[in-house]
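Numbering (this note's numbering), first residue to last: 299 to 433. What follows is one structure encoded as structure tokens, with my remarks underneath.
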């Protein structure tokens, strides 16, 4: 199925290229994650609502990794907001949300989120810490 859609959907093909390179373990893990998320009998909106309502933080984080690979920044933002609900103090989630806003052209919002993240890192780690400097 992936090969048949290579021309129509190069991002999906790119995501599963590990399979074609012989890395079956990585591909199997991705397919397993998708099977947990996707009900073939549900419509897309229903699946999205179910996934966003999930209490499985790792599942949402894994799905977020997939949508970033596919370049779906709107869905990336929805998933980041849900992750942020799990842990509002998680600076990585805040940074991911800032990137999602930036990728959608909302630069002022992204800058504000990144500033908040930087200030929180300064407070938590100090100005000379690698995590703060990377921000």
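We put the beta carbon where it would ideally sit given N, CA and C, even for glycine.
Sequence-distant Cβ neighbours of residue 352 in its own chain, meaning closer than 7 Å and more than five residues away, are 358.
Here residue 382 is not near residue 373, since their CB atoms are 8 Å or more apart. If you draw a straight line from the Cα of residue 386 to the Cα of residue 323, it comes to about 33 Å. Within a 10 Å sphere around the beta-carbon of residue 391 sit 16 or more other beta-carbons, which makes this residue buried.
For residue 429, the enclosing alpha helix (DSSP H) has its first and last residue at 428-432. For residue 422, the number of other beta carbons within 10 angstroms of its own is below 16, and it is reported as exposed. Rounded to whole angstroms, the gap between the alpha carbons of residue 402 and residue 424 is 31 Å. Selection 326, 378 and 414 evaluated against residue 349 yields 378 as nearest (Cα-Cα).
Taking a C-beta distance under 8 Å as the contact criterion, residue 371 and residue 327 do not qualify as a contact pair.
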